[in-house]
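**Student:** Numbering (the numbering used here), first residue to last: 81 to 282.
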Amino acid sequence: MERRDLVGHCHSRLEAGSVNGLARQRALLFAAMFHLHCTKKLLDRIKPDIVTAGHSDTNLGSWYATILFWKPQVALLVSECTLLPVLMPLAPAATLARRFPAQLALVLKEHGVSSEFIAQEVWRMDKVQYAKTANRSVVGILNEFVRQAEFWLAAYAYQKGDDDDLLAISAKLAETPCSPLYKGPISPDKALHELVKASSQI
């Protein structure tokens with residue numbers, strides 16, 4: 081998905097998911113899950129079973145993740161659909177995927193997303209399948225966000241291990257214009273709100 085309209089891609093997924101909505105909801109009762117594409121250094125830390133990635137049941141789609149070697153270490157996760165960034169403590173790495181939905185809920189709340197959307201998204205993240213990175217464009221955004229996170233740490237004297245500061249940095253990163261979004265909403269925060277609006281109309 082090189083430099084394509086990622087939000088348009090997400091909207092297409094939402095529209096396709098509404099075609100057989102009832103059957104899809106029944107399937108989700110038993111298999112709601114998402115894919116987590118991890119960089120090699122993160123996979124080496126977690127050592128999970130790796131699958132060939134397919135469709136994620138979440139509105140925000142699959143997620144990409146990497147490590148920030150701060151003290152304490154931090155994980156950075158980015159939505160493939162909207163490029164929404166989420167920073168959270170890495171340790172214990174083995175439970176990262178289980179802890180992620182709760183951190184995502186906090187970030188979505190910070191962006192003013194409705195409680196209904198948040199609850200549905202968290203519910204759809206009941207299970208996770210790990211995969212290798214496959215989208216070079218999103219990996220490029222991951223790397224850019226790593227650099228920018230360092231800038232926000234210095235600019236605001238944030239503490240690397242403070243939960244509130246990680247939430248604040250996540251919000252700052254979401255305001256960043258991202259080249260894969262240039263044909264649409266420009267930044268992840270705007271892409272998120274377009275996606276939430278589209279999902280409410282289905």
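Note that beta-carbon positions come from the ideal geometry of N, C-alpha and C, so glycine has one too.
Please report the straight-line C-alpha distance between D129 and P181, rounded to a whole angstrom.
**Tutor:** If I take the Cα positions, the gap works out to 20 Å.
**Student:** Assign A223 to buried or exposed, taking buried as 16 or more other Cβ atoms, counted over all protein chains shown, within 10 Å of its Cβ.
**Tutor:** Checking the displayed sequence, the identity of residue 223 turns out to be Asn instead of Ala. Its Cβ having fewer than 16 others within 10 Å, N223 is exposed.
**Student:** Using DSSP with H/G/I as helix, E/B as strand and the rest coil, what is F231?
**Tutor:** Helix at F231.
**Student:** One question on the structure: do V131 and Q239 come within less than 8 Å of each other, judged by their Cβ atoms?
**Tutor:** Result no, Cβ atoms of V131 and Q239 do not sit closer than 8 Å.
**Student:** Determine the burial state of S279: buried for a count of at least 16 other Cβ atoms within 10 Å of its Cβ, exposed for fewer.
**Tutor:** Classification of S279: buried, given that the 10 Å Cβ count is 16 or more.
**Student:** When you compare only the Cα positions, how much space is there between A251 and V166?
**Tutor:** Using only the alpha carbons, I get a separation of about 8 Å.
**Student:** Can you find a CB in chain D that lies within less than 8 Å of the CB of G220?
**Tutor:** Here chain D cannot be found, since the structure has a single protein chain.
**Student:** Please report the straight-line C-alpha distance between A254 and P172, rounded to a whole angstrom.
**Tutor:** A254 and P172: Cα-Cα distance of roughly 25 Å.
**Student:** Do V330 and V276 have their C-beta atoms within less than 8 Å of each other?
**Tutor:** Residue 330 lies beyond the residue range present for the chain, which begins at 81 and ends at 282; the question has no answer from this structure.
**Student:** Within the same chain, show all residues whose beta-carbon is closer than 7 Å to that of Q183, passing over the 5 residues directly before and after it, in chain order.
**Tutor:** Once the five neighbours on either side are set aside, the close Cβ partners of Q183 are V166 and M168.
**Student:** DSSP three-state call for T175: helix, strand or coil?
**Tutor:** In this structure, T175 counts as helix in the three-state DSSP scheme.
**Student:** Grouping DSSP H, G and I as helix and E and B as strand, with all else coil, what is Y144?
**Tutor:** Correct three-state label for Y144: strand.
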